[in-house]
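Participant: For reference, the structure I am asking about is given below.
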Amino acid sequence: MNLPNMLTMIRFVLIPVYVALFFIGERYAAFGVWLLAGLTDILDGYIARKHNLVTNIGMMLDPLADKLMMLTVMFSLLWSGDMPWMAAVAMLIRDAGMIACSALFHFKGKKTVPANWMGKLTTVFYYIAILFVYFQWTYAVELLWVVIVFSFLTSFMYALLFIRINRKEEAEPEHRV
């Protein structure tokens, strides 16, 4: 197992640590764990790309670790009453739809859209909005809704890219040697 994949695995281990700290009332310590998870996410991707250590398992586990950590934070905020349940439902619908479509298309042999700047920007915006909600800052819920709308727009853009990639693939038959 290479270093980027080990960093991804650390994020999976940090999830129950975050939960334990959050629910015993150590919100700042839990936030530190969440921040550490975010830093390992940035670091693993950087190392994997810079040192040509990108693996298929890493490409699968990295976004899964990200989603599970974000869902964990979201559910903890929902449970504590800090996040509106409708916002949580909207986030779940968007993420579940993206994951289900990606898995379905992958198993049907379709090309999926690789992570790009839109997805990365959406993730950054989600983290900022959740940070506002986490600390109950002014306009936190309003910012969260703006980010949710933005995330649905980026999902639509991903769908358009998916269609374009797969139409191009169908139009250009494989060249066999």
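Residue numbers 1 to 177, in full-length UniProt numbering, belong to the letters of the sequence shown in order.
The C-beta atom is built at its ideal place from N, Cα and C for all residues, glycine as well.
Quick one: grab the DSSP three-state call for M1.
Facilitator: coil
Participant: Expressed to the nearest angstrom, what Euclidean distance is found between the alpha-carbon atoms of F162 and G25?
Facilitator: 43 Å
Participant: Please return the same chain residues whose Cβ sits closer than 6 Å to the Cβ of M118, not counting the five positions on each side in sequence.
Facilitator: Around M118: T154, M157.
Participant: Going along the chain, which residues of its own chain have a beta-carbon closer than 6 Å to the beta-carbon of D62, five neighbours each way excluded?
Facilitator: By the criterion of a C-beta distance shorter than 6 Å, D62 is surrounded in its chain by T8, once the five residues flanking it on both sides are discounted.
Participant: Between the alpha carbons of C101 and R94, how many angstroms are there, rounded?
Facilitator: Roughly 11 Å between the two C-alpha positions.
Participant: Tell me whether M118 sits in a helix, a strand or coil according to DSSP, three-state version.
Facilitator: helix
Participant: Among residues of its own chain, excluding the 5 on either side of P84, which ones have a beta-carbon nearer than 7 Å to its beta-carbon?
Facilitator: V141
Participant: What is the DSSP secondary structure of F135, counted as helix, strand or coil?
Facilitator: coil
Participant: Under a Cβ-count criterion, where at least 16 other Cβ atoms within 10 Å of its own Cβ denotes burial, should F23 be classed as buried or exposed?
Facilitator: exposed
Participant: Taking C-beta to C-beta, are Y127 and R27 nearer than 9 Å?
Facilitator: no
Participant: What three-state label does DSSP hand V149 in the structure shown?
Facilitator: Correct three-state label for V149: helix.
Participant: How big is the Cα-Cα spacing for F39 and L143?
Facilitator: Reading off the sequence shown, one finds Leu at residue 39, where the question assumed Phe. Looking at the two C-alpha atoms, the distance is approximately 23 Å.
Participant: If you draw a straight line from the alpha carbon of D82 to that of F12, how long is it in whole angstroms?
Facilitator: C-alpha of D82 to C-alpha of F12: approximately 24 Å in a straight line.
Participant: Could you check the C-alpha separation between F31 and I130 for me, to the nearest Å?
Facilitator: Approximately 11 Å, taken between the alpha carbons.
Participant: Looking only at C-alpha atoms, which of K120, L160, L3 sits nearest to A67?
Facilitator: Residue identity check: residue 67 is Lys in the sequence provided, not Ala. Measuring from the Cα of K67, the nearest candidate turns out to be K120.
Participant: Please specify which runs of the alpha helix (DSSP H), each continuous and at least 4 residues long, are wholly inside the stretch 45-82, giving them in chain order.
Facilitator: Runs found: 56-79.
Participant: Could you check how far apart the C-beta atoms of L78 and A88 are, in whole angstroms? I think they sit under 8 Å.
Facilitator: About 5 Å separates the two Cβ atoms, so the contact holds.
Participant: Grouping DSSP H, G and I as helix and E and B as strand, with all else coil, what is K111?
Facilitator: coil
Participant: Taking only the alpha-carbon atoms, compute the straight-line gap between T112 and F75 and give it to the nearest angstrom.
Facilitator: Whole-angstrom Cα-Cα distance: 28 Å.
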